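Peer 1: There's a structure below that I have some questions on.
Residue numbers (our numbering): 84 to 520.
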């Protein structure tokens with residue numbers, strides 16, 4: 084665990100940067116919950132982030148993996164940075180414009196959200212969010228591992244300060260949104276500065292293959308793979324017709340940040356290794372998996388057991404019901420530590436990735452509507468768990484049939500099955516004692 088505090092390697096720097104980001108976001112949630120800001124304003128803030136991320140996340144996640152896919156070969160690092168930056172800037176402008184065009188449909192909720200009276204602000208946030216998202220990966224390509232962590236500290240600390248200013252001094256949503264846009268403009272400007280040295284070779288950058296073979300298909304996979312989270316949010320809004328239920332669900336509908344961080348950072352760091360050498364990549368994966376299990380499973384088990392007590396203390400009693408949603412989302416770690424997508428990314432098997440993502444969406448949508456009838460918002464959370472597991476199973480089957488890696492090489496069976504059993508037991512115990520609280 085202490086290895087995470089080091090920023091001396093590619094994996095650790097990405098993981099530590101993500102830990103900082105998640106930590107600051109949790110601080111923001113606590114500030115809003117305890118500052119006296121009304122539930123309606125918290126829901127407005129959540130919806131602002133929700134809608135902006137809906138339009139941004141696909142190009143951010145897919146595009147960044149596309150950058151890693153193009154490492155090596157005849158393309159210089161400076162040329163790759165400049166060429167991919169142009170693609171991200173264009174994507175940001177396109178998605179910001181698309182949001183303005185589609186906002187009338189997408190934000191026509193059965194609940195009144197005053198925070199969306201300023202539609203140009205989410206649009207601007209989308210532009211800077213996508214355009215600046217490349218900074219950490221550009222620093223990764225330049226092997227400036229400590230800078231990845233430093234920029235994360237600065238940006239996220241500034242975001243926290245802006246929220247504190249809003250919550251305790253000047254409670255005006257439009258001003259908060261403008262301040263967040265200003266903060267997120269900083270990584271965009273830094274990314275642009277990093278792109279300048281490669282401008283003299285940018286005309287020779289293979290935009291066609293980059294977009295066709297990596298950027299667009301991987302963004303489509305990211306869109307389909309991550310759409311379940313946004314489907315859940317929309318279903319909560321339309322099925323409950325309650326801003327309060329939406330805020331409670333959003334506070335609970337978060338995985339253990341550490342599992343997302345560690346698995347995501349490991350996946351991102353392994354892709355270049357696997358592109359260059361499958362055997363070396365497999366050896367590195369096996370070495371890292373044991374550490375990954377020991378880091379994420381015990382913490383997930385502890386959080387499942389204590390979250391019903393912690394949520395009212397950390398986020399006020401108004402958010403006590405969010406603990407049940409949170410515990411269900413913690414079960415996503417069962418699928419999160421399975422990493423077949425790493426080999427599919429490296430082999431550019433984009434059709435398999437997209438097929439798995441489509442399967443996940445179908446399972447999620449059908450089960451969400453069905454389970455909501457019996458379990459309310461908790462049923463929507465359970466649908467995400469089953470859907471994500473279904474998507475990973477599809478990827479595992481494809482890897483087994485078409486790759487040089489076996490399923491046993493993607494996990495450590497004894498540790499994995501043992502931890503999964505303990506996790507499910509902890510969930511059962513937590514559910515039973517919560518009834519008596």
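Using N, Cα and C, we set each Cβ at its ideal position, and we do this for glycine too. Owing to the predicted nature of the structure, the values given are computational and were not obtained by experimental measurement.
Answer yes if the region 143 to 163 comes into contact with the region 325 to 332, meaning at least three C-beta pairs across the two stretches below 8 Å, and no otherwise.
Peer 2: With the cut-off at 8 Å, the region 325 to 332 and the region 143 to 163 do not touch.
Peer 1: Assuming residue 365 and residue 482 are in contact, meaning their beta carbons sit under 8 Å apart, how far apart are those beta carbons, in whole angstroms?
Peer 2: On the chain shown, residue 365 is found 282 positions in, with the first residue counted as 1. On the chain shown, residue 482 is found 399 positions in, with the first residue counted as 1. Incorrect: roughly 12 Å between the Cβ atoms, too far for contact.
Peer 1: What does a CB cutoff of less than 7 Å around residue 100 pick up in its chain, not counting 5 residues either side in sequence?
Peer 2: Within the chain shown, numbered from 1, the residue matching residue 100 stands at position 17. Around residue 100: 219, 231, 232, 235.
Peer 1: Could you tell me if residue 326 is buried or exposed, where buried requires 16 or more neighbouring beta carbons within 10 angstroms of its beta carbon?
Peer 2: Indexing the chain shown from 1 puts residue 326 at position 243. Classification of residue 326: buried, given that the 10 Å Cβ count is 16 or more.
Peer 1: Leaving out the 5 sequence neighbours to the left and right, which residues in its chain are closer than 6 Å to residue 455 when beta-carbon positions are compared?
Peer 2: The residue given as residue 455 occupies position 372 in the chain shown. Counting only Cβ-Cβ distances below 6 Å, and skipping sequence neighbours, we find 322, 462, 463.
Peer 1: Identify whether residue 537 lies in helix, strand or coil by the three-state DSSP scheme.
Peer 2: Residue 537 is absent from the structure shown; the chain starts at 84 and stops at 520.
Peer 1: Run the CB neighbour count on residue 277, radius 10 Å, all protein chains shown included, and call it buried at 16 or more, exposed below.
Peer 2: By one-based count along the chain shown, residue 277 stands at place 194. When all chains shown are included, residue 277 counts as buried.
Peer 1: Within 10 angstroms of the Cβ of residue 300, are there 16 or more other Cβ atoms? Answer buried if so, exposed if not.
Peer 2: Counting from 1 along the chain shown, the entry for residue 300 is found at position 217. Under this definition residue 300 is a buried residue.
Peer 1: Under 8 Å: do the region 436 to 447 and the region 292 to 311 share three or more Cβ pairs, one atom per stretch?
Peer 2: Flag = yes, the region 436 to 447 and the region 292 to 311 touch.
Peer 1: Could you pull out every residue in the same chain whose Cβ sits closer than 8 Å to the Cβ of residue 497, ignoring the five residues on either side in sequence?
Peer 2: Here residue 497 refers to the residue found at position 414 when the chain shown is read from its first residue. Here the set comprises nothing.
Peer 1: Can you tell me the Cα-Cα spacing of residue 439 and residue 413, whole angstroms?
Peer 2: Locating residue 439 in the chain shown gives position 356, counting from the first residue. Locating residue 413 in the chain shown gives position 330, counting from the first residue. Each residue's alpha carbon lies about 21 Å from the other.
Peer 1: Could you check where the alpha helix (DSSP H) with residue 143 kicks off and where it finishes?
Peer 2: As a first step, residue 143 must be located in the chain shown, where it is residue number 60. Residue 143 -> alpha helix (DSSP H) spans 122 to 152.
Peer 1: Does the beta-carbon of residue 84 have 16 or more other beta-carbons within 10 angstroms, so that it is buried, or is it exposed?
Peer 2: Mapped onto the chain shown, residue 84 falls at position 1. In this prediction, residue 84 scores a pLDDT of 43, lower than 50, which makes its location untrustworthy; no coordinate-derived value is stated.
Peer 1: How big is the Cα-Cα spacing for residue 289 and residue 304?
Peer 2: For the purposes of this step, residue 289 is identified with residue 206 of the chain shown, where counting begins at 1. For the purposes of this step, residue 304 is identified with residue 221 of the chain shown, where counting begins at 1. If I take the Cα positions, the gap works out to 21 Å.
Peer 1: Could you tell me whether the Cβ atoms of residue 212 and residue 257 are closer together than 7 Å?
Peer 2: Against the chain shown, residue 212 aligns to sequence position 129. Against the chain shown, residue 257 aligns to sequence position 174. No; because the gap between Cβ atoms is not below 7 Å, this pair is not in contact.
Peer 1: Flag this pair as touching only if the region 280 to 297 and the region 157 to 177 have three or more C-beta atom pairs under 8 Å; answer yes or no.
Peer 2: Short answer: they touch.
Peer 1: Which residues in the same chain as residue 437 place their Cβ atom closer than 8 Å to its Cβ, once the five residues preceding and following it in sequence are excluded?
Peer 2: The residue given as residue 437 occupies position 354 in the chain shown. Answer for residue 437: 300, 303, 304, 307, listed in chain order.
Peer 1: Please report the Cβ distance between residue 416 and residue 335, rounded to the nearest whole angstrom; I am assuming they are in contact, meaning their Cβ atoms lie under 8 Å.
Peer 2: Looking up residue 416 in the chain shown gives position 333. Looking up residue 335 in the chain shown gives position 252. About 15 Å separates the two Cβ atoms, so there is no contact after all.
Peer 1: Buried or exposed: where does residue 425 fall if 16 or more other Cβ atoms within 10 Å of its Cβ makes it buried?
Peer 2: For the purposes of this step, residue 425 is identified with residue 342 of the chain shown, where counting begins at 1. Buried: at least 16 other Cβ atoms inside 10 Å.
Peer 1: Taking residue 428 and residue 144 to be in contact with their CB atoms under 8 Å, please state how far apart those CB atoms are, rounded to whole angstroms.
Peer 2: Numbered from 1 along the chain shown, position 345 holds the residue referred to as residue 428. Numbered from 1 along the chain shown, position 61 holds the residue referred to as residue 144. That belief does not hold up - the Cβ atoms of residue 428 and residue 144 are roughly 11 Å apart, past 8 Å.
Peer 1: Using C-beta distances below 6 Å, list every residue in its chain close to residue 222, excluding the 5 sequence neighbours before and after it, in chain order.
Peer 2: Position 139 of the chain shown holds residue 222. Excluding sequence neighbours, residue 222 sits near 230, 231.
Peer 1: Since residue 483 is in the alpha helix (DSSP H), which residue starts that stretch and which ends it?
Peer 2: Counting from 1 along the chain shown, the entry for residue 483 is found at position 400. Run containing residue 483: 460 to 485, per the alpha helix (DSSP H) assignment.
Peer 1: By the three-class DSSP mapping on this structure, what secondary structure does residue 285 have?
Peer 2: The residue given as residue 285 occupies position 202 in the chain shown. Residue 285: helix per DSSP, three-state reduction.
Peer 1: With 16 other CB atoms within 10 Å as the buried threshold, where does residue 134 fall?
Peer 2: In the chain shown, the residue the question calls residue 134 occupies position 51. So residue 134 ends up on the buried side.
Peer 1: Determine the extent of the alpha helix (DSSP H) in which residue 203 is found, giving its start and end residues.
Peer 2: Numbered from 1 along the chain shown, position 120 holds the residue referred to as residue 203. Run containing residue 203: 203 to 215, per the alpha helix (DSSP H) assignment.
Peer 1: Whose CA, out of 102, 108, 126, lies closest to the CA of residue 319?
Peer 2: Mapped onto the chain shown, residue 319 falls at position 236. For residue 319, the nearest C-alpha among the options comes from 126.
Peer 1: Tell me the rounded alpha-carbon separation between residue 150 and residue 163.
Peer 2: Your numbering for residue 150 matches position 67 in the chain shown. Your numbering for residue 163 matches position 80 in the chain shown. The alpha-carbon atoms of residue 150 and residue 163 are separated by roughly 7 Å.
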